[in-house]
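Asker: Following this message is one structure expressed as structure tokens.
Numbering (the UniProt record's numbering), first residue to last: 1 to 76.
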């Protein structure tokens, strides 16, 4: 069974990297949907450096449900 995860980001800081590391080994793929209005390139590069993560720029805050729906469609 394949287990996918999703994290919805909004103005993430360094702490999100540690959070991701804490559960990345328990899943096969993680969809990181970024709802931030202003992107932090250094954080995005760190997130994208993990080989199990698919980073998705949601072009601003489209809401939690929209972000989760994007990840759900990709995971199916």
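From the three backbone atoms N, C-alpha and C, an ideal C-beta is built for every residue, glycine too.
No experiment lies behind these values; they were computed from the predicted model shown.
#1: The beta strand (DSSP E) that contains residue 34, what's its start and end?
#2: Pairing CB atoms from the segment 40-49 with CB atoms from the segment 64-76, are three or more of them under 8 Å?
#3: How many Å lie between residue 5 and residue 37 at the Cα?
#4: Measure the CB-CB distance between residue 33 and residue 16 and report whether it falls below 8 Å.
#5: For residue 53, tell me which candidate among 45, 60 and 59 has the shortest Cα-Cα distance.
Answerer: So, from the listed chains and residues:
#1: Along the chain shown, read from residue 1 onward, the residue named residue 34 stands at position 34. From DSSP, the beta strand (DSSP E) with residue 34 extends over 29-34.
#2: no
#3: Your numbering for residue 5 matches position 5 in the chain shown. Your numbering for residue 37 matches position 37 in the chain shown. When rounded, the distance between both Cα atoms is 23 Å.
#4: Taking the chain shown and counting its residues from 1, one reaches residue 33 at position 33. Taking the chain shown and counting its residues from 1, one reaches residue 16 at position 16. No. Outside cutoff.
#5: In the chain shown, residue 53 corresponds to position 53, counting from 1. Looking at the Cα atoms, 45 is the closest of the given residues.
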